[in-house]
Amino acid sequence: MSTVKKMMYINRKAPYGTIYAWESLEVVLIGAAFEQDVSLAFMDDGVYQLTKGQDTSGIGMKNFSPTYSALGDYEVNKIYVDKESLEERGLTLDDLQHLVWEDEDEDWAEKDSIHLVSRAELSDVLADQDVLFNF
Amino acid sequence: MKLTIQVNEGPYQHEAADTAYHFAKAALDKGHEIFRIFFYHDGVNNGTRLTTPPQDDRNIVNRWSELAQEHNLDMVLCVAAAQRRGIVDDGEAERNGKDATNIAPGFRISGLGQLIEGGIESDHVVVFGD
């Protein structure tokens, strides 16, 4: 398939409590094989998906948060986090995992995957997409 | 216009399954093409033929099956989501050693790539669910 579309996965739900977050990540990982222009957005309770130090031992659920750090290897390196959603929850960028990718064109320089954006900026990014998958 | 429809919620629990059906029907009536309907998350429960709603209620599963037959629709249940929730066709029963099947007519089980392909091949992906 030669068509390349801008595809964005929007993540709006807490990582546990419902399965949306985990099954969204599964789509992202499968979708990476299709060589599309992929980006992810995290907003509302979805910002909790990226928090570091998650410990699910008390609830008997699989902790899938380490998987996010593999996204760079799948060439998924445009991750937009809604600044207001973080602030509303008393979180800062420091509470999130440090997600990076290696830029092949710059001698594999390590670069940040996460872009902290305002809600207004995020809406511009959304408007620029061809396909939105909403989870 | 060519559409892919994604249904993320189970029947009866959530009106998204109804709204998606009405949207699909209206789109077809208006002459639009539906490339695929992809059922994900609890949405895969739209595809079990063992559903038995009260007689005075709508039969959501049969309604999908009839729509698929009438318009030759491609209705896909995500395999990973279906395995988790016990939606089984002949192939899955054999692969996973299950003693029964429950997939409804007009549905097939396949991978998440079918959703991505829908996004690539369609003009719009319309998602129903929370």
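Residue numbers (the working numbering), protein chains in the order written: chain A, 1 to 135; chain B, 1001 to 1130. Yeah, the Cβ is synthetic: ideal placement off N, Cα and C, and Gly gets one too.
Residue range 79-82 is occupied by the beta strand (DSSP E) that includes residue 82 of chain A. Around the C-beta of residue 108 of chain A, fewer than 16 other C-beta atoms lie within 10 Å, and the residue is accordingly described as exposed. Secondary structure at residue 1063 of chain B: helix, using DSSP grouped into helix, strand and coil.
Annotation for residue 64 of chain A: 22 and 25 place their beta carbon closer than 7 Å to its own, counting only its chain and skipping 5 residues before and after.
Put simply, of B:1072, B:1044, B:1025 and B:1126 the residue whose alpha carbon is nearest the alpha carbon of residue 1111 of chain B is B:1044. Residue 4 of chain A and residue 1010 of chain B have their alpha carbons spaced roughly 32 Å apart.
Collapsing the DSSP output to three states places residue 22 of chain A in a helix. In the DSSP assignment, residue 125 of chain A falls within the unbroken alpha helix (DSSP H) covering 119-127. Within chain A, the residues placing a beta-carbon under 7 Å from that of residue 1081 of chain B are 23, ordered along the chain.
If you ignore the 5 residues before and after residue 39 of chain A, its C-beta comes within less than 6 Å of the C-beta of 8 and 78, all in its own chain and listed in chain order. Taking 4 residues as the shortest admissible run, the segment 1047-1095 of chain B contains the following complete alpha helix (DSSP H) segments, listed from N- to C-terminal end: 1060-1071 and 1079-1085. Within the same chain, Cβ atoms closer than 6 Å to the Cβ of residue 129 of chain A are found at 6 and 8, the five residues on either side in sequence being excluded.
Closer than 9 Å to the CB of residue 1041 of chain B there is at least one CB belonging to chain A. Of the candidates A:89, A:31, A:60 and A:62, the residue whose Cα lies closest to the Cα of residue 1118 of chain B is A:31.
Look at residue 1117 of chain B: its C-beta is under 9 Å from a C-beta on chain A. For residue 129 of chain A, there are no neighbours in chain B by C-beta distance under 9 Å, as the nearest C-beta there is about 10 Å away. Under the DSSP assignment, residue 59 of chain A falls outside any beta strand (DSSP E); it carries neither an H nor an E label.
For a Cβ distance threshold of 9 Å, nothing in chain A lies close to residue 1088 of chain B: the least Cβ distance comes to about 19 Å. Here the alpha carbons of residue 1016 of chain B and residue 132 of chain A stand approximately 17 Å from one another. With respect to the C-alpha of residue 1053 of chain B, the residue from B:1012, B:1091 and B:1093 having the closest C-alpha is B:1012.
Looking at B:1040, B:1003, B:1042 and B:1014, the one whose alpha-carbon comes closest to that of residue 1023 of chain B is B:1003. For the options A:105, A:76, A:102 and A:20, the alpha carbon positioned closest to that of residue 36 of chain A is the one of A:76.
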